[in-house]
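>
Residue numbers (our numbering): 7 to 926.
In C-alpha cells:
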C-alpha cells in the first residue's frame, strides 16, 4: 500500500511531465513540425481508443465472461483494413471543407444543415459523458486501491474533484488555446502519444511479470487453474446462444467506434497532417491492440489463482504487483491506468467543447441580437464548455455509476457512435442520401438509443420509476425499455443496438428516397462521394474575365464579418493571408472569378472557427452582390461552363454560394457526368487491354526473331545489326530509331560496335572512349550488385579498374548520356554466365516516363543478345579449334609419311647391306 500523499505526488508529477512535453512542443516550432511529420505520432494518438476500459475493464470482463473481451480488439482491427479508402476519403474531405468535428463532417454533407449538426452534437454529448464518467471512476477507484481504501468509500469530493480540475486545466491549456480547431494541437498530440506509449509499457510490464515472473508462462497459469475456471476463461460468456450474439454485437459496434467515436474522429481525421500517415496507422494500431490484449487472460487467471476478490477483478492488473510487493511496478501500472483514462478525457472534452460552441451556442448567438456581443468570446466559451463537460462527467460518475462494471458504462458511448454510421457511410458512398433522411435517421436512432440504454440507467439510479423497466411506461408492457416490442431474448446491448440501428437506417433510407434534394445538397453529395476520384487542380480563370470589382470594398466587407468573431487585428491578418494566398495583394480591381474564390476561402476560415453550417449561414447573411457584380458572376460562371475541363464538383467549388443556382440543372449534370465517367472507364479499360495485348504480341515476336537470328551463320556484326533494327522497330517503345549494341573484352576495351542514329552523340570525346566508359559503368553496377548479395561465379572477381583506366574513362561516360538533350536512355548489360559481354543502349523520346515493365522486357532482350553473342563466340571458338585440329592432323600425317619414308629408306639400306654381305 502507498500513502495518499505519495500517490498524490506521483499523480501531480506525471501530469506535470505531460505539461512539460506539451509545452515543449508548443514552444518549439521546429520540434512541432518534426513531430507532425512522424507517422508514428499520428498512429499512436489513435490508440487513445484503448482507455481504462481496456486497461482495467478487459481483465475484469475476462475474469467474469472469458473471451467476451476480444471483440473490442478484433472489431477495430477488421475496420482498420478499410481505412486506406474510408479514412483517406474522410481526411481529403476534411482538408477541402475545413471540417472541425464529426458533427461538422456530417452536417456539411447534408447541405450544411444546422439541425443535423445539433442532433449529432447532442448524441455525442450524451454518448460521451458516460464514457468520461467511466474514466474518472477508473482513476478514483485505482487511487483507492493503491492507497488501501475500500472501493465503497471512493473519495469523490477530494481526489475525484482534484483530478477533474487538473484535467480541465490541461484540456484548456493545450486543447483550446486557439479558436480555429483545424489548426493541429501538436502539444496535445505529443502528450497523447506519450500517454499511449506509457499505458502499453505498463500493461506489458505487469503482464510479463505475472506470466513469467510469478508463473512459468501461459501454459503454467492455465494448468494450475481448476477445470471450471479454465473453461470459463477460454469460452465466450456462458457459451450460450445469447453470449455469441452479444459477442458479435460488440464486434460490430467496435468496428464503428474506432473511427466514429468523437475522440477517434478527432485524432484520426482532424489531427491528420498527411494522408500517407494512414499507411503507418493501418499496421501500427492493430499491432498495438494485439500487444495490449495478449496478457488479458493470464492476468485474469492469475487473479483467480492468487485468491483476489472477484468484486475487484477489474483491478487485478494493479492488485497483482501490489500483492507481490513490486512497488515500482505498482506505481507504473497506476500511471498506465491514469494515462489510459486522462488521454481519452482530454481529447473528448476538447472535441465536445468544439461541437457544443459551434453547433449549439453559435446558432443561438446568431439569432438573438442581444447576444451578438458574445461572438467575440467564443474561445473563452470553449473553455467554459470544457469545464461543463468534465464537471457533468464528474457528476455522472459520482451519482450514476455505482455498481456498474467499467465495460458496461463504456458500451453506452459505443452504441451512441453507432448512430453515426448510416449518415456517414450513406453520405460518403450514396448520392441519393439527403438532409431529410439524415435528420429522420439520426433523430430516430438517438431516441431509441436513449430509451433502450439511458432510461434503464436512470431508472436504476433512482431518477425514473423502476416500474418503467418492469411494466413499461403507463403499464404498456410492449414499451419496456429492455424488451421493446416484445423482443426479450437478447441482452440490453444487442437489444438497443438492433432497434436503434434498425430505425436509424430505415428512416434514413425512407427519407432519402422520398424527399427531393436541392441543388446545393447535390453538389455536396457529389463532392463527398467522389472525393477520391479527382485530384485537386490549380485555380484557373478565363483570361476574358475582366477585373472590374473594387477589391478594397470587398475586403472591408470581409473584415467587418470576421470582426464579429475575432479581434480587429486577427480579422485583418486572416483577410491578408487569404489575398496573399490568391496572389491579388497588389491588385486594386479583381475579377468575378477571383471574388468567388475569395468568398470561398473566407468561408473556409469561418468554418474552422464556428463550423461549416454556421459559417455558411453567416456568409449568406453578411455578404451581398450588387446587380452589376451579380451579372459578372453569372458571366464568369458561364465562361467556366464553356471551358469544361473540370469535373462538375470541382467546377462548382469555384462558384459562390450566392449566385443564381436555379439556372443550373445540377441533377442532369451529375447524372450525365456519372454516365460519361462510366463510359470513359470502359473505353480506357478496353484500350488498355488491347494495347497490352499488342505490346505482348510484339514483344514475343521480337524474342522469337532474336532466337532465329542466333542460329544464322553470318558475321556477328550483321546479326547484331539485324537485332538492333528489330529492337528499334518496336511500336510501343518510342526510340526515335536510336540505339547501340557494343561488345567489350575482359579489359573493357570495346571490340565491336553496332549503332543506329547516334554516331554524332559521342562528338565531345572519342567514340570508343565513350562506349568504353559505358562498359565501365556497367561493370561497376554489377560489382555493386555483387557486394549487395548478387550471386556470381567466384572466378569473375577481378577488379574493374585493371587495365581499364577507369578514372579517365569514367569522366567521358556522360558524353553519350547527356549530349543528346531532351532524351533519356536505358543502358542494359549483355550477360552470359555472369560475364559482362557488352551493352545495349536504347534512346527514348523526350517526356517518356520510364516504366518497370520496360526494364524487365529489355533485360530479357539483353539476356537474349548475351546468349546470342556467347553462342557466336562458342561457334567461332569451335571453328578455330576445328581448323587447328585439321592442321595438327595434317602435320601428324606429314610426319607419319616422313617416318614411313625414313623406314623405307632404312629398310632398303639394310637389304642392300645384306646382299653385299652374301655376295662376299
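All C-beta atoms in this analysis are idealised placements derived from N, C-alpha and C, irrespective of residue type, glycine included.
Only a predicted model underlies this, so the values are computations on that prediction, with no experimental measurement involved.
My parser needs the beta strand (DSSP E) runs of 3 or more residues fully inside the region 679-767; what are they?
Listed in chain order, the complete beta strand (DSSP E) runs (minimum 3 residues) inside the region 679-767 are 745-750, 756-762.
> Is any heavy atom in the ligand NAP found nearer than 8 Å to the beta carbon of residue 844?
Judged by which ligands are present, the structure shown has none, so any question about the ligand NAP falls away.
> Given a cut-off of 9 Å on the beta-carbon distance, is the pair residue 134 and residue 268 in contact?
yes
> When burial is assigned at 16 or more other CB atoms within 10 Å of the CB, is residue 857 buried or exposed?
exposed
> Residue 747 and residue 845: beta carbons closer than 9 Å?
yes
> Check the C-beta distance from residue 54 over to residue 349 and give it rounded, since I have them as a contact under 8 Å.
5 Å
> Check this for me: beta carbons of residue 194 and residue 301, under 9 Å apart or not?
no
> Could you please give me the residues that DSSP links to residue 848 through a beta bridge?
Answer is 745, 832.
> Judging by CA-CA distance, which residue of 82, 56, 489 is the nearest neighbour of residue 462?
489
> Using a Cβ-Cβ cut-off of 9 Å, state whether residue 162 counts as contacting chain D.
Absent from the structure: chain D. Only one protein chain is present.
> Determine the direct distance from the alpha carbon of residue 27 to that of residue 16, and round the result to whole angstroms.
Spanning the two alpha carbons is a distance of roughly 17 Å.
> Would you give the residue range spanned by the alpha helix (DSSP H) that residue 113 belongs to?
108-115
> Given a cut-off of 9 Å, decide if residue 389 and residue 458 are closer than it, judged by their beta-carbon atoms.
no
> Going by beta-carbon coordinates alone, are residue 430 and residue 266 separated by less than 9 Å?
Going by C-beta atoms, residue 430 is nearer than 9 Å to residue 266.
> Classify residue 577 as buried or exposed, calling it buried when 16 or more other Cβ atoms lie within 10 Å of its own Cβ.
buried
> Beta carbon of residue 443, beta carbon of residue 518: below 9 Å?
Annotated as proximal: residue 443 and residue 518, with beta-carbon spacing under 9 Å.
> What is the C-beta distance between residue 455 and residue 502, in whole angstroms, given that I count them as a contact (C-beta under 8 Å)?
6 Å
> With DSSP collapsed to three states, give me the class of residue 300.
coil
> Quick one: is residue 549 buried, meaning 16 or more other Cβ sit within 10 Å of its Cβ, or exposed?
Confidence in residue 549 is poor, its pLDDT being 43 and thus under 50, which makes the residue's placement unreliable; the coordinate value appears in the next sentence. With fewer than 16 Cβ atoms within 10 Å of its Cβ, residue 549 is classed as exposed.
> Using a threshold of 9 Å, state whether the C-beta atoms of residue 609 and residue 104 are closer than that.
yes
> Below 8 Å, can you find three or more Cβ-Cβ pairs linking the region 230-241 to the region 85-105?
no
> What number of angstroms, rounded off, separates the C-alpha of residue 447 from the C-alpha of residue 98?
25 Å
> Residue 838 bridges to which residues according to DSSP?
Bridge partners of residue 838: 841.
> So, at 6 Å on beta carbons, what are the nonlocal neighbours of residue 391 in its own chain, with the 5 sequence-adjacent residues on each side left out?
359, 362, 363
> Taking Cβ to Cβ, would you say residue 129 is nearer than 9 Å to residue 422?
yes
> For the region 337-345 against the region 202-216, are there 3 or more C-beta pairs whose distance is under 8 Å?
yes
> Any chance the region 212-224 sits against the region 43-61, with 3 or more Cβ pairs inside 8 Å?
no
> State the start and end residues of the unbroken beta strand (DSSP E) segment that holds residue 493.
Neither: residue 493 is in no beta strand (DSSP E) and is coded neither H nor E.
> Helix, strand or coil: how does DSSP classify residue 374 here?
coil
> So, using beta-carbon positions, are residue 8 and residue 154 closer together than 9 Å?
yes
> Cutting at 6 Å between CB atoms, please list the residues of its own chain near residue 486, excluding the five before and the five after it.
478
> Please check the pair residue 303 and residue 324, which I expect to be a contact at CB under 8 Å, by giving their CB distance rounded to whole angstroms.
About 17 Å separates the two Cβ atoms, so there is no contact after all.
> Can you tell me whether residue 110 is buried or exposed, with buried defined as 16 or more other CB within 10 angstroms of its CB?
buried
> Tell me residue 555's beta-bridge partners as DSSP assigns them.
596, per the DSSP bridge assignment.
> In whole angstroms, what separates the C-alpha of residue 918 from that of residue 905?
20 Å
> Could you spell out the range, first to last residue, of the alpha helix (DSSP H) harbouring residue 510?
Bounds of the alpha helix (DSSP H) holding residue 510 are 498-520.
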